[in-house]
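Quick notes on the structure that follows.
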Amino acid sequence: MARNLKRDAHAQQLRNYVLFAFAVAIIAAMVLGFVTQRRTHTRLGTQKRELEMRVGELRRLTNNHAILLAQRSSPLELIRRAESAGLTKIAMSQRLFVPLPETPASVLALPAATSPVRPAGQFATAAPH
Numbered sequence: 370m371a372r373n374l375k376r377d378a379h380a381q382q383l384r385n386y387v388l389f390a391f392a393v394a395i396i397a398a399m400v401l402g403f404v405t406q407r408r409t410h411t412r413l414g415t416q417k418r419e420l421e422m423r424v425g426e427l428r429r430l431t432n433n434h435a436i437l438l439a440q441r442s443s444p445l446e447l448i449r450r451a452e453s454a455g456l457t458k459i460a461m462s463q464r465l466f467v468p469l470p471e472t473p474a475s476v477l478a479l480p481a482a483t484s485p486v487r488p489a490g491q492f493a494t495a496a497p498h
């Protein structure tokens, strides 16, 4: 009988060691997961910051290009650039005339439709009868 108590004590001790090792493994896995998640979070924050800086830079470039386009497409600037390129003397043979299509008088004479046409005595209602 004393021998069984001794075996039970060893089995109990072994079980405690296994449970302790299992608990340590779970805590180590949780710490490893936390560290991995933290690194990923930091990396994503860095990428976000870089992309926001890039977006700001592209917005500034787009704004600068819009201003430059507005300046270069103004009538005075176009005339100045045409004169500097020597494009002011255009011969009649170089001009292109595109005739506009004539609208038939029957299209112009039609009245504009403003409301649907209904037979006499019928009115539009919100609810059916």
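Heads up: the sequence shown begins at 370 in the numbering used here, then just goes up one per residue. By construction, the Cβ of each residue, glycine as well, lies at the ideal position given by its N, Cα and C atoms. Note that this is a predicted model, so its numbers are computed, not measured.
What number of angstroms, rounded off, separates the C-alpha of residue i from the C-alpha of residue j?
i: L401; j: A394; result: 10 Å
i: A392; j: E421; result: 43 Å
i: R418; j: E426; result: 12 Å
i: Q440; j: I448; result: 12 Å
i: V387; j: T415; result: 42 Å
i: T405; j: T411; result: 10 Å
i: R507; j: Q382; result: Limits of the chain in this structure are 370 at one end and 498 at the other, which puts residue 507 out of reach.
i: M370; j: F389; result: Legend: pLDDT at M370 = 49, less than 50; position of this residue unreliable, no value from coordinates given.
i: L430; j: E446; result: 22 Å
i: S443; j: L469; result: 26 Å
i: T457; j: R450; result: 10 Å
i: L413; j: F403; result: 15 Å
i: H498; j: R428; result: Confidence at H498 is low in this model, with a pLDDT of 48, below 50, so its placement is unreliable and the value that follows should be read with caution. The alpha-carbon atoms of H498 and R428 are separated by roughly 59 Å.
i: E452; j: L465; result: 20 Å
i: A380; j: T409; result: 43 Å
i: R423; j: A454; result: 38 Å
i: A397; j: H434; result: 55 Å
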